[in-house]
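Residue numbering for the sequence shown follows this note's numbering, beginning at 27 and increasing consecutively.
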Amino acid sequence: MTRITAWRRHPLARYAVLIFALALVGMAYTAFAQAGKPADAALAAGKVDDVAEGKSLFVKHCSSCHGMNAQGTTSAPTLIGVGAAAVDFQMSTGRMPAAAPAAQAPRKPQAPWVDETKTRQIAAYVQSLGGGPQVPGQEQVDAKLGDAGKGGELFRANCIQCHNWVGAGGALTQGKYAPNLNEATPTQIYEAMVTGPQAMPVFNDTTITPEEKRSMIAYITQVRSQRDPGGFALGRIGPVTEGLVAFLVGLSVLVIAAIWITAKKRQKS
């Protein structure tokens, strides 16, 4: 008892007790937070029941590449923390499930077993693993509520280097490319901005606000219907095709002119 009493009276004893109490509170908070996290994430992404169904679908169709617990493998990245928006984007555009690993997964028709319900369920399961960007609501992607003029300024400042001024896409390095945006829905455009699929950077709400994203969607969807009064659209890819056509047409005219002039001189001689 004398030794215990001496410890209690030690100048550092009160600090030791305080640190011990703080550690207990921290461990208790962590335990309760982790216990409720999957359910909260599932509610944000859809229905709680979707998590169980989504896990079953994930194990059956996705685990061979992404791992049984979505931890990732040598052939596919981890899905922990990517969020429901990333799953919805990849599956709704047919990019996932992928037929084979490649530099970039192309947009293609959805797999026969994929539908809106199964996509939502797998998204809810992935959301429950570690949170992340959620699927946007209808108001967030409503182009009618956006400012197409402001969206055009933002698009030209942030996106035309890869996607072209009208979203026609373009080539990148190492076999990658910026896809054509003409087939992308407003939801898919928003999801791409917040998740940064493949070679695309992430534009979070600090970089581009939700209102600005909506304006960019308004511009992208509006420019699709614009006419090309200057002549042939040439895929709307820009100076590359225009320069190529000008070169080929100009070269052809020069060759024909040279042949005609030579023929004339021969006739005179």
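All residues carry an ideal CB built from backbone N, CA and C; glycine is no exception.
- Cβ contact annotation for V249 (same chain, cutoff 6 Å, sequence separation greater than five): V192, in chain order.
- Exposure of T100 is indicated by the presence of fewer than 16 other C-beta atoms within 10 angstroms of its C-beta.
- Of the other Cβ atoms in all chains shown, 16 or more fall within 10 Å of the Cβ of D114; this residue is therefore buried.
- By the Cβ neighbour-count rule, P162 is buried, with 16 or more other Cβ atoms within 10 Å of its own.
- When only Cα atoms are considered, T247 and L48 end up about 54 Å apart.
- Secondary structure of A111 (DSSP, three-state): helix.
- Its Cα nearest to that of R121, the residue P132 stands out among N95, E165, A128 and P132.
- Considering only G269, G172, S241 and F84, the residue with the shortest C-alpha distance to A150 is F84.
- The beta-carbon distance between G177 and S241, rounded to whole angstroms, is 3 Å. This is short enough to meet the 8 Å contact definition.
- The beta-carbon distance between V108 and V152, rounded to whole angstroms, is 7 Å. This is short enough to meet the 8 Å contact definition.
- Remark: fewer than three beta-carbon pairs, one from each stretch, lie closer than 8 Å, so the stretch 265 to 284 and the stretch 203 to 211 are not flagged as touching.
- Straight-line measurement puts the Cα of S82 at about 13 Å from the Cα of R146.
- Note that the stretch 278 to 292 does not touch the stretch 215 to 230; fewer than 3 beta-carbon pairs, one per stretch, sit closer than 8 Å.
- Note on A194: 16 or more other CB atoms within 10 angstroms of its CB, so buried under the neighbour-count rule.
- For A183, the enclosing alpha helix (DSSP H) has its first and last residue at A174 to N184.
- Taking 7 Å as the cut-off, the beta carbon of Y216 is found no closer than this to the beta carbon of K202.
- Secondary-structure assignment with DSSP links Y203 through a beta bridge to A197.
- Under the three-state reduction of DSSP output, P212 falls in the helix class.
- Within a 10 Å sphere around the beta-carbon of T119 sit 16 or more other beta-carbons, which makes this residue buried.
- Per DSSP, T100 is not a residue of any alpha helix (DSSP H), being assigned neither H nor E.
- Between A244 and A183, the gap from beta carbon to beta carbon reaches 7 Å or more.
- Non-local beta-carbon contacts of D168 in its own chain, meaning distances under 6 Å to residues more than five positions away in sequence, are absent.
- Collapsing the DSSP output to three states places W191 in coil.
- Just so you know, the alpha carbons of L171 and L180 end up roughly 16 Å apart.
- Here DSSP, grouped into helix, strand and coil, assigns W286 to helix.
- With 16 or more other Cβ atoms inside 10 Å of its own Cβ, P159 counts as buried.
- Annotated three-state conformation of M122 is coil, per DSSP.
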